[in-house]
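Numbering (full-length UniProt numbering), first residue to last: 1 to 386. For every residue, glycine included, the Cβ atom is placed at its ideal position computed from N, Cα and C. None of the values given here were measured: they were computed from a predicted structure.
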Amino acid sequence: MRTVSIFGATGSVGMSTLDLIQREPDAYQVVALTANSDVTGLAEAAKATGAQIAVIGDPARYGALKAALAGSGVEAAAGEEALVDVAGSGADWTMASIVGCAGLRPTMAALKAGGTVALANKESLVSAGGLMMEAARASGATLLPVDSEHNAIFQCLAGGTLEDVARIILTASGGPFRTRSRAEMADITPQQAVAHPNWSMGAKISVDSATMMNKGLEFIEAAYLFPVGLDRIEILVHPQSVIHSMVEYRDRSTLAQLGSPDMRIPIAHALAWPRRIATPCQPLDLARIGRLDFEAPDPERFPALRLARQAAEAGGAVPAILNAANEVAVAAFLSGRVRFLDIAMIVEEVLNRYSAPAPHAIADVLAADAAARVMAGQVMERLTAC
Ligand code: NAD
Ligand code: MG
């Protein structure tokens, strides 16, 4: 029996993880499930899995959670400190699938506790990659990438060593607007932006895929997870999302990982590693797919790619600033306050106007994140005033 916790259990990745765990109830004992505000979803999942504790991020929902769990034997807790405490109390395996930098402190606590951390929450790694990798080294925690591209790279790296890598080729679907001109992107609505052609995901990452900031964040994520040097990480657009990424070794042998676009495949890999488990996912039918296409990314139409590369090259607090500005801009786009093309513009403006010293502790990252959010708010005020 393995003890597992899921941070962000009510989200897209969290529910896919629950789906896999519930298919093998005898193999896992659920310690903690968490959510931000969805009391009903959290309480139902906690009762169905017999979790020990359910934590709701929003403290105002504590009463509702307690009521929803009454008589179930599941303990209720609320607030960010409770999330951090529970993450640090050490399940054997923790899924970090909170969206955004909000996941940083719980993810760090899980890494410090030294178990296995399956990482979907890329924003935490983008913001504090150096500190997170150091925490994992210090505690002996195993960090397994769940993002499909990074999970693919991790699998391809079983075929060699980092020293022998010539290139990491990070594939990108190109998102729903891959073939659109900038002019055609001007009037994109949130509804159009969240409709990804291949993957079903949460709203924030879907918008990131549409701007290609997702690939920019993944570029930074790859740089921390697989330190081969930024010049050895390339982005390749592959619209079918069948090859999830590739590793080319210096002998020019290239390994790829393929699969249906279903997050349960990389999650199952992280759940069973170093073994494998059966999943209900579709087998890959290459004859039906027929062809695989590739094209170079276009940083002119998708400036987020350029901004993320700049942030990775600058290092220090700059990736955290990029991420925070992007989170604010995406939320504003989803609520109709700014337009699609404003997102990258806001991020660029914040990067130009604000810098912070390289972080030595999580508090430094959180301070840079907070200041970048304020700055992004000011940039948006100016934008909406004109
Ligand atoms: P989602 O929006 O569907 O779910 C997010 C989860 O985080 C929910 O359970 C929500 O309650 C919780 N949450 C949100 N804000 C919170 C806060 N302030 N405090 C505590 N909890 C909070 O998102 P998702 O699509 O499941 O993505 C989760 C993470 O995984 C993101 O970092 C995303 O980039 C990454 N990821 C997702 C996919 C995918 O297919 N969905 C693929 C690769 C990586
Ligand atoms: Mg991905």
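CB-CB length for residue i against residue j, believed under 8 Å
i	j	result
Cys198	Ser173	Residue 198 is actually Asn in this sequence, not Cys. With a Cβ gap of about 5 Å, Asn198 and Ser173 count as contacting.
Val350	Ala325	4 Å
Gly216	Leu307	6 Å
Arg182	Leu20	Going by Cβ atoms, the distance from Arg182 to Leu20 rounds to 40 Å, so no, they are not a contact pair.
Leu334	Ile235	In fact, because the Cβ distance is near 25 Å, the residues do not count as touching under 8 Å.
Leu33	Thr49	7 Å
Ser260	Gln282	4 Å
Ala87	Pro106	4 Å
residue 447	Pro359	Any answer about residue 447 is impossible in this case: the structure gives the chain only from 1 up to 386.
Ala312	Leu225	At roughly 13 Å, the Cβ-Cβ gap does not stay under 8 Å, so Ala312 and Leu225 are not in contact.
residue 396	Arg291	Any question about residue 396 goes unanswered here, given that the chain covers just 1 to 386.
Ser127	Asn323	5 Å
residue 423	Lys112	What is shown of the chain runs 1 to 386, which leaves residue 423 out entirely.
Ile343	Val330	6 Å
Ile220	Pro319	5 Å
Ala76	Ala54	6 Å
Ser89	Gly114	Their Cβ separation, rounded to whole angstroms, is 12 Å, which puts Ser89 and Gly114 out of contact at 8 Å.
Ala166	Arg61	Not confirmed; about 50 Å, so no contact.
Arg382	Val328	About 14 Å separates the two Cβ atoms, so there is no contact after all.
Ala35	Ala9	6 Å
Proximity winner among the options, relative to residue i (alpha-carbon distances)
i	options	result
Asp364	Leu104, Gly100, Asp58 and Val4	Leu104
Ala70	Thr40, Ala82 and Asp58	Thr40
Pro176	Gln155, Ala210, Ile188 and Thr161	Ala210
Met345	Val379, Val374 and Ala314	Val379
Ala296	Val13, Leu170, Arg382 and Leu230	Leu170
Leu119	Met246, Thr142 and Arg137	Thr142
Met246	Pro59, Asp38 and Gly159	Gly159
Pro280	Ile267, Glu80 and Leu286	Ile267
Gly14	Ala272, Ser97, Val4 and Val374	Ser97
Ala82	Trp93, Ala110, Thr17 and Asp231	Ala110
Gln22	Asn352, Arg264, Gln257 and Arg250	Arg264
His244	Gly114, Ala113 and Leu258	Leu258
Pro303	Leu157, Val347, Ala368 and Glu44	Val347
Asp164	Val30, Arg250, Arg309 and Ala372	Arg250
Met375	Arg2, Ala356, Leu286 and Ala27	Ala356
Tyr28	Val99, Asp38 and Ser5	Ser5
Glu80	Lys47, Trp93, Ser37 and Ala51	Ser37
Val228	Ser241, Glu248 and Lys47	Glu248
Ile277	Ala9, Asp85, Glu24 and Ser16	Glu24
Val338	Ala372, Ala385, Ala368 and Phe294	Ala385
Arg309	Ala370, Phe7, Glu218 and Leu366	Glu218
Val84	Asp262, Gly57, Trp93 and Tyr354	Gly57
Lys122	Asp92, Ile205, Arg232 and Leu162	Ile205
Thr270	Val30, Ser89 and Thr94	Before going on, a small fix: residue 270 reads as Ala here, not Thr. Out of Val30, Ser89 and Thr94, Thr94 has the C-alpha closest to the C-alpha of Ala270.
Thr3	Asp26, Met201, Ala256 and Phe154	Asp26
Leu366	Ala195, Asp208 and Met108	Met108
Pro299	Leu18, Gly100, Met212 and Gly336	Met212
Pro190	Val207, Arg288, Ala287 and Ala317	Val207
Pro239	His196, Leu162, Ala222 and Ala272	His196
Ala222	Pro274, Phe154 and Ala43	Phe154
Gln52	Ala43, Val74, Leu42 and Gly63	Val74
Simplified DSSP state of residue i, which is helix, strand or coil
i	result
Ile188	coil
Arg275	coil
Ser12	helix
Ala76	strand
Gln257	strand
Ala87	helix
Phe7	strand
Glu172	Contrary to the premise, residue 172 reads as Ala rather than Glu in this sequence. Ala172 falls in the strand class under three-state DSSP.
Arg167	strand
Ala195	coil
Met95	strand
Arg180	coil
Residue-chain proximity (residue i, chain D), Cβ-Cβ < 8 Å
i	result
Arg382	Within the model displayed, chain D is absent; a lone protein chain is all it includes.
Any non-hydrogen atom of ligand 4 closer than 7 Å to residue i Cβ
i	result
Leu83	Absence of ligand 4 from the depicted structure is noted, with ligand 1 and ligand 2 being the only ligands included.
Query - Closer than 7 Å to ligand 2: residues, by C-beta to nearest heavy atom, in chain order - result: Asp147, Ser148, Glu149, Asn214 and Glu218
**Report entry** Within the region 110-165, ranges of the beta strand (DSSP E) (whole runs, at least 3 residues)
**Finding:** 116-119 and 142-145
Requested in this report: Taking only runs that begin and end inside the region 12-72, name each unbroken alpha helix (DSSP H) of 4 or more residues, in chain order.
Outcome: 12-23, 39-49 and 62-69
**Report entry** Ranges of the beta strand (DSSP E) found wholly within the UniProt domain "DXP reductoisomerase C-terminal" (258-373), counting only runs of at least 3
**Finding:** none
Requested in this report: Quick one: which unbroken alpha helix (DSSP H) runs of 4-plus residues sit fully inside the region 202-259? Chain order, please.
Outcome: 203-211 and 213-225
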